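Peer 1: Okay, so the sequence shown: first residue is 1 according to full-length UniProt numbering, each after it adds one. All C-beta atoms in this analysis are idealised placements derived from N, C-alpha and C, irrespective of residue type, glycine included. Source: prediction; values computed, not measured. Sharing a structure here in structure tokens format.
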Amino acid sequence: MTDRVTLKQLDLPDGLWNITEVIELQARRQPAAPALILPDRVLSFHQLVTAANIVALKLLANGVHERQTVGVSMGQTALHLVTLLAIARIGAIALPLHDALSPERRMMAARRFGAVAVVSGRKEMELKGLPFIHLAAIDLARRVPLLPATRTQANDPCWISLSSGTTGDPKGVLRTHGYMLDRVTKSEYTRDTRSRLLPLDLNFAVGFGQSLRMLILGGAIVLSPERLPANLAYMVRSHAVTHWLLSPSMAEDILPLLEEDGVHFPSLVALRILGGMPNARLLEALFRKFTPNVYVDYGTSEVGPVAIASPDTLRRAPDSAGRVLPWITLEVVDDEDRPVQADKSGRLRMKLDQMFEGYYLDPSQTADRFRDGWYYPGDTARLDAEGLLYIEGREDDVFNVAGNKVQFRDVESVLETHPAVHEAAAFVLPQPAGRDLLAVAIILSNRISERELMAWAVQRLGPICPEKVFFVDQFERTATGKVLRDRLRNLGA
Numbered sequence: 001m002t003d004r005v006t007l008k009q010l011d012l013p014d015g016l017w018n019i020t021e022v023i024e025l026q027a028r029r030q031p032a033a034p035a036l037i038l039p040d041r042v043l044s045f046h047q048l049v050t051a052a053n054i055v056a057l058k059l060l061a062n063g064v065h066e067r068q069t070v071g072v073s074m075g076q077t078a079l080h081l082v083t084l085l086a087i088a089r090i091g092a093i094a095l096p097l098h099d100a101l102s103p104e105r106r107m108m109a110a111r112r113f114g115a116v117a118v119v120s121g122r123k124e125m126e127l128k129g130l131p132f133i134h135l136a137a138i139d140l141a142r143r144v145p146l147l148p149a150t151r152t153q154a155n156d157p158c159w160i161s162l163s164s165g166t167t168g169d170p171k172g173v174l175r176t177h178g179y180m181l182d183r184v185t186k187s188e189y190t191r192d193t194r195s196r197l198l199p200l201d202l203n204f205a206v207g208f209g210q211s212l213r214m215l216i217l218g219g220a221i222v223l224s225p226e227r228l229p230a231n232l233a234y235m236v237r238s239h240a241v242t243h244w245l246l247s248p249s250m251a252e253d254i255l256p257l258l259e260e261d262g263v264h265f266p267s268l269v270a271l272r273i274l275g276g277m278p279n280a281r282l283l284e285a286l287f288r289k290f291t292p293n294v295y296v297d298y299g300t301s302e303v304g305p306v307a308i309a310s311p312d313t314l315r316r317a318p319d320s321a322g323r324v325l326p327w328i329t330l331e332v333v334d335d336e337d338r339p340v341q342a343d344k345s346g347r348l349r350m351k352l353d354q355m356f357e358g359y360y361l362d363p364s365q366t367a368d369r370f371r372d373g374w375y376y377p378g379d380t381a382r383l384d385a386e387g388l389l390y391i392e393g394r395e396d397d398v399f400n401v402a403g404n405k406v407q408f409r410d411v412e413s414v415l416e417t418h419p420a421v422h423e424a425a426a427f428v429l430p431q432p433a434g435r436d437l438l439a440v441a442i443i444l445s446n447r448i449s450e451r452e453l454m455a456w457a458v459q460r461l462g463p464i465c466p467e468k469v470f471f472v473d474q475f476e477r478t479a480t481g482k483v484l485r486d487r488l489r490n491l492g493a
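Okay, here's the thing in structure tokens:
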């Protein structure tokens, strides 16, 4: 990690706020430098901004204007990144409509956030009743002049950041050009012209936001459209990736490929684990087989990174989410919103500079999560005397046992210490008559009977031991790797 860059150090001309125009400035400074690295080719900064301008012209020709919202249904491709930059370049607003969602879910989000059109490189992403802009392969040999400078201001919107949807329909926060540029300056990780990032899904803040930071600071993005474990590992090794963003579940999928002992990814400056805390077994394997430069981030789609656990912190406090970032004000409070003492659990709340006022076009969710300048993410946590943050779970991820609230994560973490348990996910199993049951779904790493595992669990969990166990091959997850607990209830059907 290093000292953070400031907007002044970015050396931007006065009044330049459009995020794509800032990347065009980088292209003038280093036109031939790699900007986007793909399995079959490399695009320079000049080629990247040329492609963005070609798509921008296509959008304008199809009637898209500034401040209009455009739905984007694409995978982890070069065209996806180029299209996001093109939408920002003309002053419009990008709305992620994830290509993995059903047409009904995509249409619901498009209507909810007022999309005037849908854009994709795949014809099957068209939504009946909405104008569709089909993008074919971009001819980079085509010469087009850059569009004239825009009148973009700092508070002009450019992108809707959606939540992962683990707690219901995704919620959106409207991001501005000024906010996105300000986030470039708020990073604890080294980035320069030699840096290469393999990001998470571009449909989410942690994917697009981190990619934007890397490009603005002159580094390159590495994309693997086929997001299979072997493909990701190959791209990191073959292109000397320095910054890799992974969820715990993605890391688990890659681990079996690394059969030999020793570090397999020596180029990594930072392997960032996001979307959940890795268990002790996975964390040890990351240090041993991926890289010694393992970091764990805690953050939210709404705020971005909130706390970071460094390699040193993880080795001595592996359950910690690390230290709160200096630009975040964070408190752990009780039910009356009074700050609690160190090492005492409570609900989390936070605020930061350029704090957004609520969810976009969603007053009911805004009233629930935004109060008196604070954002309440719905997590329970504690801060120790040293200032390290410990995330204990979701406020809703609890079960009442004899009048006491039990966190799902407390149950899962114990079960995951058993050598036959690969991953555990606790949930409430509704009963048609009588009280609901505490249940757990388990992915096994070795064969074991339900009876044997339950006997072991009763000894260690006592009264909070799950009453029902389901062995499964995999969990249904969000695109960022989080378990969809509400789907687990179907196991009891």
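So residue 179 is in the beta strand (DSSP E); what residue range does that whole segment cover?
Peer 2: Along the sequence shown, read from residue 1 onward, the residue named residue 179 stands at position 179. No beta strand (DSSP E) contains residue 179, which is instead part of the alpha helix (DSSP H) from 177-184.
Peer 1: Quick one: what does DSSP say residue 167 is sitting in, helix, strand or coil?
Peer 2: As a position in the sequence shown, residue 167 is number 167, starting the count at 1. The predicted model places residue 167 with a pLDDT of 48, which falls under 50 and marks its position as unreliable; any figure quoted below should be read in that light. Coil.
Peer 1: Are the CB atoms of residue 157 and residue 163 within a distance shorter than 8 angstroms?
Peer 2: The residue labelled residue 163 in the question sits at position 163 within the sequence shown. The residue labelled residue 157 in the question sits at position 157 within the sequence shown. For residue 163 and residue 157, no; Cβs fall outside 8 angstroms.
Peer 1: Going by other Cβ atoms of all chains shown within 10 Å of its Cβ, with 16 needed for buried, is residue 201 buried or exposed?
Peer 2: Taking the first residue of the sequence shown as 1, we reach residue 201 at position 201. Buried is the call here.
Peer 1: Which residues bound the alpha helix (DSSP H) around residue 455?
Peer 2: Looking up residue 455 in the sequence shown gives position 455. Unbroken alpha helix (DSSP H) run through residue 455: 450-461.
Peer 1: Using a threshold of 8 angstroms, state whether the C-beta atoms of residue 115 and residue 69 are closer than that.
Peer 2: Taking the first residue of the sequence shown as position 1, residue 115 is located at position 115. Taking the first residue of the sequence shown as position 1, residue 69 is located at position 69. In this structure, residue 69 lies closer than 8 angstroms to residue 115 by Cβ.
Peer 1: Can you give me the C-alpha to C-alpha distance between residue 369 and residue 269, rounded to a whole angstrom?
Peer 2: By 1-based counting over the sequence shown, the position of residue 369 is 369. By 1-based counting over the sequence shown, the position of residue 269 is 269. Approximately 35 angstroms between the Cα atoms of the pair.
Peer 1: Taking the beta carbon of residue 18 as the centre, do at least 16 other beta carbons fall within 10 Å, making it buried, or is it exposed?
Peer 2: As a first step, residue 18 is located in the sequence shown; it is residue number 18 there, counting from the start. Label assigned to residue 18: buried.
Peer 1: So residue 410 is in the alpha helix (DSSP H); what residue range does that whole segment cover?
Peer 2: As a first step, residue 410 must be located in the sequence shown, where it is residue number 410. 408-415 is the span of the alpha helix (DSSP H), which, as asked, contains residue 410.
Peer 1: Out of 27, 421 and 380, point me to the one whose CA is closest to residue 405's CA.
Peer 2: By 1-based counting over the sequence shown, the position of residue 405 is 405. Taking only the C-alpha atoms, the option nearest residue 405 is 380.
Peer 1: Helix, strand or coil for residue 387? Go by DSSP, reduced to three states.
Peer 2: Within the sequence shown, residue 387 is the residue found at index 387, counting from 1. Residue 387 falls in the coil class under three-state DSSP.
Peer 1: Determine the DSSP secondary structure at residue 235, reduced to helix, strand or coil.
Peer 2: The sequence position of residue 235 within the sequence shown is 235, counting from 1. Note: residue 235 maps to helix in three-state DSSP.
Peer 1: So, at 8 angstroms on beta carbons, what are the nonlocal neighbours of residue 194 in its own chain, with the 5 sequence-adjacent residues on each side left out?
Peer 2: For the purposes of this step, residue 194 is taken as residue 194 along the sequence shown, with counting starting at 1. Correct list, in chain order: 219 and 242.
Peer 1: Can you give, in chain order, each stretch of the alpha helix (DSSP H) that sits fully within the segment 72-114 and has at least 4 residues?
Peer 2: Counting only runs of 4 or more, we get 78-89 and 103-112.
Peer 1: Run through the segment 29-80 for me and flag every whole beta strand (DSSP E) of 3 or more residues, listed as ranges in chain order.
Peer 2: Correct list: 34-37, 42-44 and 69-72.
Peer 1: By the three-class DSSP mapping on this structure, what secondary structure does residue 219 have?
Peer 2: Mapped onto the sequence shown, residue 219 falls at position 219. Coil at residue 219, not helix or strand.
Peer 1: With H, G and I counted as helix, E and B as strand and the rest as coil, what does DSSP make of residue 466?
Peer 2: Numbered from 1 along the sequence shown, position 466 holds the residue referred to as residue 466. Note: residue 466 maps to coil in three-state DSSP.
Peer 1: Excluding the 5 residues preceding and the 5 following residue 216 in the sequence, name in chain order all residues of the same chain whose CB lies nearer than 8 angstroms to its CB.
Peer 2: On the sequence shown, position 216 is the one that residue 216 refers to. Correct list, in chain order: 10, 19, 22, 23, 26, 181 and 184.
Peer 1: What are the boundary residues of the alpha helix (DSSP H) that includes residue 352?
Peer 2: Along the sequence shown, one-based indexing puts residue 352 at 352. Segment 346-352 is the beta strand (DSSP E) holding residue 352; no alpha helix (DSSP H) there.
Peer 1: Ordered along the chain, which non-local residues of its own chain (more than five positions away) have a Cβ less than 8 angstroms from that of residue 204?
Peer 2: Counted from its first residue, the sequence shown places residue 204 at position 204. Answer for residue 204: 96, 161, 162, 164, 301, 479 and 480, listed in chain order.
Peer 1: Looking at C-beta atoms only, is the number of pairs between the segment 433-452 and the segment 228-240 that lie closer than 8 angstroms three or more?
Peer 2: No, they do not touch.
Peer 1: Buried or exposed, going by whether 16 or more other CB atoms sit within 10 Å of the CB of residue 102?
Peer 2: Here the question's residue 102 lines up with position 102 in the sequence shown. Exposed is the call here.
Peer 1: For a quick check, are the C-beta atoms of residue 411 and residue 461 less than 8 angstroms apart?
Peer 2: Your numbering for residue 411 matches position 411 in the sequence shown. Your numbering for residue 461 matches position 461 in the sequence shown. A contact, by the Cβ cut-off of 8 angstroms.
Peer 1: Please list, in chain order, all residues of the same chain as residue 494 whose beta carbon is under 6 angstroms from its beta carbon, the five residues on each side excluded.
Peer 2: A query on residue 494 cannot be resolved here, the shown segment of the chain reaching from 1 to 493 and no further.
Peer 1: Report all residues from its chain with a CB closer than 8 angstroms to the CB of residue 357; omit the five preceding and five following residues, and keep chain order.
Peer 2: Here the question's residue 357 lines up with position 357 in the sequence shown. Excluding sequence neighbours, residue 357 sits near 366 and 370.
Peer 1: Smallest Cα separation from residue 155: which of 178, 64 and 135?
Peer 2: Residue 155 sits at position 155 when you count from the first residue of the sequence shown. When each option's Cα is compared against that of residue 155, the closest is 178.
Peer 1: Determine the closest residue to residue 294 out of 282, 60, 320 and 310, with distance taken between C-alpha atoms.
Peer 2: Numbered from its first residue, the sequence shown carries residue 294 at position 294. Answer by Cα proximity: 310.
Peer 1: Measuring straight from C-alpha to C-alpha, what distance separates residue 16 and residue 146?
Peer 2: Walking along the sequence shown from the start, residue 16 turns up at place 16. Walking along the sequence shown from the start, residue 146 turns up at place 146. One C-alpha to the other measures close to 15 angstroms.
Peer 1: Rounded to whole angstroms, what is the Cα-Cα separation between residue 435 and residue 290?
Peer 2: Walking along the sequence shown from the start, residue 435 turns up at place 435. Walking along the sequence shown from the start, residue 290 turns up at place 290. The alpha-carbon atoms of residue 435 and residue 290 are separated by roughly 45 angstroms.
Peer 1: Using the Cβ count rule (16 or more neighbours within 10 Å means buried), how would you classify residue 466?
Peer 2: Position 466 of the sequence shown, counted from the first residue, corresponds to residue 466. So residue 466 counts as buried.
Peer 1: Which first and last residues belong to the alpha helix (DSSP H) in which residue 249 is found?
Peer 2: Taking the first residue of the sequence shown as position 1, residue 249 is located at position 249. From DSSP, the alpha helix (DSSP H) with residue 249 extends over 248-254.
Peer 1: Counting only the same chain and skipping the five closest in sequence on each side, list residues whose C-beta sits under 7 angstroms from that of residue 488.
Peer 2: Position 488 of the sequence shown, counted from the first residue, corresponds to residue 488. Excluding residues within five positions, the ones whose Cβ falls inside 7 angstroms are 425, 427 and 441.
Peer 1: Can you say whether residue 417 is buried or exposed, counting buried as having 16 or more other CB atoms within 10 angstroms of its CB?
Peer 2: Locating residue 417 in the sequence shown gives position 417, where the first residue counts as 1. Burial call: exposed.
Peer 1: Give the range of the alpha helix (DSSP H) segment to which residue 280 is assigned.
Peer 2: Counting from one through the sequence shown, the residue named residue 280 turns up at place 280. Element bounds for residue 280: 280-285.
Peer 1: By how many angstroms is the C-alpha of residue 124 removed from the C-alpha of residue 224?
Peer 2: Position 224 of the sequence shown, counting from 1, holds the residue named residue 224. Position 124 of the sequence shown, counting from 1, holds the residue named residue 124. Roughly 21 angstroms between the two C-alpha positions.
Peer 1: Among 106, 47, 135 and 307, which residue has its Cα nearest to the Cα of residue 59?
Peer 2: Against the sequence shown, residue 59 aligns to sequence position 59. The residue with the shortest Cα to Cα distance from residue 59 is 135.
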